[in-house]
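The letter at position 193 of the sequence shown is residue 271 when you use this note's numbering, and the numbering goes up by one with no holes.
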Amino acid sequence: MKKIAWVTDSTAYLDEELKNHPDVYQVPMTIVLDDVEYLDGKDLTAEELYKRLKSVKTPPKTSQPPVGVFMELYNKLEKDYDLVFSVLISSKLSGTVASSVQAEQDVNIPVITFDSKILTYPLTSLLKKGIALAEQGASVDEIKEKLEIIRESNETYVMIGSLEQLHRSGRMSGMQFYLGSMLNIKPIISIEDGALNTKEKVRSDNKAREKIFNYLSQSHEKYGVKEVYILYGLHKEAADEWQSLLEARFPDIRFLSCPIGAVIGVHAGEHTIGISWNNADA
79 MKKIAWVTDS
89 TAYLDEELKN
99 HPDVYQVPMT
109 IVLDDVEYLD
119 GKDLTAEELY
129 KRLKSVKTPP
139 KTSQPPVGVF
149 MELYNKLEKD
159 YDLVFSVLIS
169 SKLSGTVASS
179 VQAEQDVNIP
189 VITFDSKILT
199 YPLTSLLKKG
209 IALAEQGASV
219 DEIKEKLEII
229 RESNETYVMI
239 GSLEQLHRSG
249 RMSGMQFYLG
259 SMLNIKPIIS
269 IEDGALNTKE
279 KVRSDNKARE
289 KIFNYLSQSH
299 EKYGVKEVYI
309 LYGLHKEAAD
319 EWQSLLEARF
329 PDIRFLSCPI
339 GAVIGVHAGE
349 HTIGISWNNA
359 DA
């Protein structure tokens, strides 16, 4: 069996199991606040970010890890591993996949760069599945194929916490922001084929939440969803409230609450909340 090093970026939420896993490595993304660069998770926590966002003078930015950071890590891993399997944020949301692909051309160790087409904990779930499959003796090709099946079955729906932040970070046009703010419109954002999409626009948080719960209900009836990730910005109490409502409505589904982290928080805001699940479990 090949010894595999598992690499991901800092939009993935690492629980204690993954933080302590000897074969898991995380590459930090960069957050720029008022022209000062911070490494996500190292120089700046999500809590610190949300506090700073209230006083920044220029629109915050994020950037993918440079090619050189991936090259340095891959060269280091060559000493102890036969192969690197990098599970990374959607290539339509970040240039991180491109950085890894470029780096893999100039290192000696074989690298598989896997575009998760997603981010945060749904990305983490793919990483965990890959590790579990490897431990069960699956080949690298089998792991890749099974992760692709799961990836294509994902559904993610989110209520953006701050239209202003989405606008300031360049993810929403001025006209969309103006209309949304004036009319108190709550857009439900979905991630489809790795890209952000406005699924629906409603007039209140409660209506948006009910719409999202109904999307889950439809998928559960069709596919028998086993696990759902509640994704939230800064306010865990909001996620706890959703979890309580969801558990009462879907007692046969396991629910996990997971923070979205600082990089996604730059664009989405501290009050962001949503859910994500996979309809297939390869």
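Note that CB positions come from ideal geometry on N, CA and C, so glycine has one too.
Residues in the same chain with beta-carbon distance under 8 Å from Asn357, minus the five sequence neighbours each way, listed in chain order, please. Counted from its first residue, the sequence shown places residue 357 at position 279. If we look at Asn357 and ignore the five residues flanking it on each side, its Cβ neighbours are Ser231, Asn232, Glu233, Ser297, Lys300, Tyr301, Val303.
May I ask which residues mark the beginning and end of the beta strand (DSSP E) holding Met237? Numbered from its first residue, the sequence shown carries residue 237 at position 159. Note, Met237: beta strand (DSSP E), 232 to 237.
Any contact of the region 180 to 188 with the region 94 to 109, i.e. 3+ C-beta pairs under 8 Å? no
How is Ala346 classed by DSSP in three states: helix, strand or coil? Your numbering for residue 346 matches position 268 in the sequence shown. Three-state result, Ala346: helix.
Check this for me: beta carbons of Val344 and Leu122, under 8 Å apart or not? Taking the sequence shown and counting its residues from 1, the one referred to as residue 344 is at position 266. Taking the sequence shown and counting its residues from 1, the one referred to as residue 122 is at position 44. Cβ distance not < 8 Å, so Val344 and Leu122 don't count as in contact.
Which residue comes first and which comes last in the beta strand (DSSP E) that contains Asp193? Residue 193 sits at position 115 when you count from the first residue of the sequence shown. Here the beta strand (DSSP E) through Asp193 covers 189 to 193.
Determine the direct distance from the alpha carbon of Pro265 to that of Ala316, and round the result to whole angstroms. Indexing the sequence shown from 1 puts residue 316 at position 238. Indexing the sequence shown from 1 puts residue 265 at position 187. Rounded to whole angstroms, Ala316 to Pro265 spans 18 Å at the Cα level.
Please list the terminal residues of the continuous beta strand (DSSP E) segment that includes Lys279. Along the sequence shown, one-based indexing puts residue 279 at 201. Lys279 -> beta strand (DSSP E) spans 273 to 280.
Near Leu96, which residues of its chain fall below 6 Å by C-beta distance, leaving aside the five closest residues on each side in sequence? Here residue 96 refers to the residue found at position 18 when the sequence shown is read from its first residue. Same-chain partners within the cutoff: Val102.
By the 10 Å Cβ neighbour count, where 16 or more other Cβ atoms means buried, how is Ile267 classified, buried or exposed? Against the sequence shown, residue 267 aligns to sequence position 189. Buried: at least 16 other Cβ atoms inside 10 Å.
Which runs of the beta strand (DSSP E) at least 3 residues long sit entirely within the region 281 to 352? Give them in chain order. 305 to 310, 332 to 337
Taking the Cβ atom as the reference point for each residue, do Ser141 and Ser164 lie within a distance shorter than 8 Å? Sequence index remark: in the sequence shown, residue 141 carries index 63 (1-based). Sequence index remark: in the sequence shown, residue 164 carries index 86 (1-based). The answer is no: Cβ separation not under 8 Å.
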